[in-house]
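Trainee: Questions regarding the structure given below will be posed in turn.
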Amino acid sequence: MSRRGNCWDNAPMERWFRNFKYEWMTYGGYVDFESAVNDVKDYVMYYNHIRPHSYNQGLLPISAEKTYRGLLN
115 MSRRGNCWDN APMERWFRNF KYEWMTYGGY VDFESAVNDV KDYVMYYNHI
165 RPHSYNQGLL PISAEKTYRG LLN
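Just add 114 to wherever you are in the sequence shown, counting from 1, and you've got this note's numbering.
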């Protein structure tokens, strides 16, 4: 990632922030830094463990990872 002149390198992070802004973030921002940090931590947990993703047939990321690891063994 971060190759000069390649706009696709940052696409996954841009997508994550777009989802965070439209699905989770408080309208109007946060009153303090601590609230923002806690909300980002909560969203990361939600995004990785609860929120289904279309790229892996609607599975939760943690379920898809367990399935993948099971196939490797």
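Every residue, glycine too, gets a C-beta built ideally from N, C-alpha and C.
1) Along the alpha helix (DSSP H) that carries residue 181, what are the first and last residues, could you check?
2) If I follow the unbroken alpha helix (DSSP H) through residue 130, where does it start and stop?
3) From which residue to which residue does the alpha helix (DSSP H) around residue 170 run?
4) Please list, in chain order, all residues of the same chain as residue 182 whose beta carbon is under 7 Å from its beta carbon, the five residues on each side excluded.
Mentor: The answer reads as follows:
1) 175-186
2) Unbroken alpha helix (DSSP H) run through residue 130: 125-137.
3) Element bounds for residue 170: n/a, residue is neither H nor E.
4) Cβ within range, chain order: n/a, list empty.
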